[in-house]
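Okay, so the sequence shown: first residue is 0 according to numbering that gives the first Met the number 0, each after it adds one.
All C-beta atoms, glycine included, are put in the ideal place defined by N, C-alpha and C.
Report on the structure given below.
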Amino acid sequence: MDFQSEDGEHLSYGERVKINVGGTIFETSLSTLTRLGDTVLSTMVANRWRSQEELFIDRDPTHFAKVLNYLRDGENFVPPAEDYLRENLRREAEVFYNLPGLAKMCLPEVFHVGDKVQWKESAIDSYWMSFVRSIRTCSILPSLRFAGYRETTKWLECFGCGNE
């Protein structure tokens, strides 16, 4: 399958692209960068990148590997467990890279009495920590009980005394 840049150059979707983000070199495929359509990265590739050239992005490279992993993994991407890292990644995704799906994945999860939580097996540790952080701030914490066990199930239901 081919991709055509704005100047008419035909490129293979499997072609490798080198991206210099704030002095750190990343390498990925053209198909990864164009997978989601209208994003800053797909536009940069179409407008500015030429085969065998390096694409430069004047950004801090701290979160770029996670951006690439989101483009590769889609809905299977697991955001960082730490709140500050997730918030910084959300801002990068929303403000600079035009990746609303990634930004949404990085929003904090709030759980309420009666909610059922289902984890993807590959993300149990991350989701589990999010769940624990959520209930620690809950005003009814002393009355909450939980069904399910982290080691043996992929779901958890919290229930209280019928109050929220």
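In this structure, DSSP gives Asn-19 an extended state, which the three-state scheme calls strand. Going by DSSP, Leu-54 is part of the beta strand (DSSP E) stretching over 53-56. Remark: C-beta atoms of Asp-37 and Asn-97 approach each other more closely than 9 Å.
Taking a cut-off of 8 Å for Cβ pairs, the segment 51-65 and the segment 11-30 touch, as three or more such pairs fall below it. In the DSSP secondary-structure assignment, Thr-27 is bridged to Val-16. Under the 10 Å beta carbon count, Glu-74 is surrounded by fewer than 16 other beta carbons and is classified as exposed. Boundaries for Tyr-96: no alpha helix (DSSP H) harbours it, and the DSSP string shows neither H nor E there. Contact check for Thr-31 against Ala-45 fails: the beta carbons are separated by 9 Å or more.
Classified as buried, Val-66 has 16 or more neighbouring CB atoms from the shown chains inside 10 Å of its CB. Rounded to whole angstroms, the separation of the alpha carbons of Leu-70 and Thr-27 is 10 Å.
If you draw a straight line from the Cα of Glu-91 to the Cα of Tyr-83, it is about 12 Å long. Bounds of the alpha helix (DSSP H) holding Ala-45 are 39-47.
Cβ-Cβ separation between Phe-95 and Arg-47: approximately 15 Å, too far for a contact (criterion under 8 Å). When secondary structure is reduced to three states using DSSP, Val-77 falls in the coil class, being assigned neither helix nor strand.
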